[in-house]
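This report concerns only the one structure given below.
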Amino acid sequence: MTVLAAFETELRTCCEVYREPLGDPDRSPRHTIGEVSAASGLTAHTLRWYERIGLLDPVDRSASGQRRYSDADLHRLAFLGRLRLTGMPVADMQRYVELARQGDRTSTARRDLLLAHREEVRQQIADLHATLAVLDHKVDLYNRRIAQGTPSH
């Protein structure tokens, strides 16, 4: 059985689903807000805010009114978390989610949004590489001074 097939045939924990959002997600509402918070690193307040601003679809509720998240919610949260890690503005994330809700007819627009953001990420990576080179140079200078016994101030 392939790894992907295993994901599709057994229920995974909240943390497992968030860490590896693969396969067709189980849509049954089964994860508590505490579990999702622990798995994602997002606070319960942030999860409620994501729902309020439309980044998440309205979350199912238990009979007592407590939020219950599905694996599909975790898949979206994992993707959104990666977008946030790259510095994508929340407004662009909202635009992407709104386009996704409209279905396949918005595939081109979603791709274009991601392509534009990918280019920004590539520029950030290039900037970080250049900064790392400067830091490496400075560390090498200090290493040589220390090895030579030259005092530094």
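Each step along the sequence shown adds one to the number in UniProt numbering, with nothing skipped, and position 147 is 147. Note that CB positions come from ideal geometry on N, CA and C, so glycine has one too. What you are looking at is a predicted structure, and each value in this text was computed from that prediction instead of being measured.
- C-alpha of Phe79 to C-alpha of Leu55: approximately 11 Å in a straight line.
- Residue range 67 to 69 is occupied by the beta strand (DSSP E) that includes Arg68.
- Going by beta carbons, Arg68 and Arg76 fall outside the 8 Å limit.
- Out of Thr131, Ala130, Leu74, the CA that lies nearest to the CA of Gly23 is found in Leu74.
- By the Cβ neighbour-count rule, His31 is buried, with 16 or more other Cβ atoms within 10 Å of its own.
- Around Glu51, the same chain offers Val59 as residues with beta carbons nearer than 6 Å, after the five sequence neighbours per side are excluded.
- Restricting attention to Gln124, Met88, Val134, Glu35, the CA atom closest to the CA of Leu114 is found in Met88.
- At the C-beta level, Ser70 and Ser28 come within 8 Å of one another.
- The DSSP-derived three-state label of Arg12 is coil.
- Less than 8 Å separates the beta-carbon of Gln94 from that of Ile53.
- With a cutoff of 8 Å on beta-carbon distance, Asp92 and His117 are scored as near each other.
- Pro21 and Ala147 have their C-alpha atoms roughly 49 Å apart.
- The C-alpha of Leu47 lies about 39 Å from the C-alpha of Asp136.
- Ser107 is classed as exposed because its beta carbon has fewer than 16 other beta carbons within 10 Å across all chains shown.
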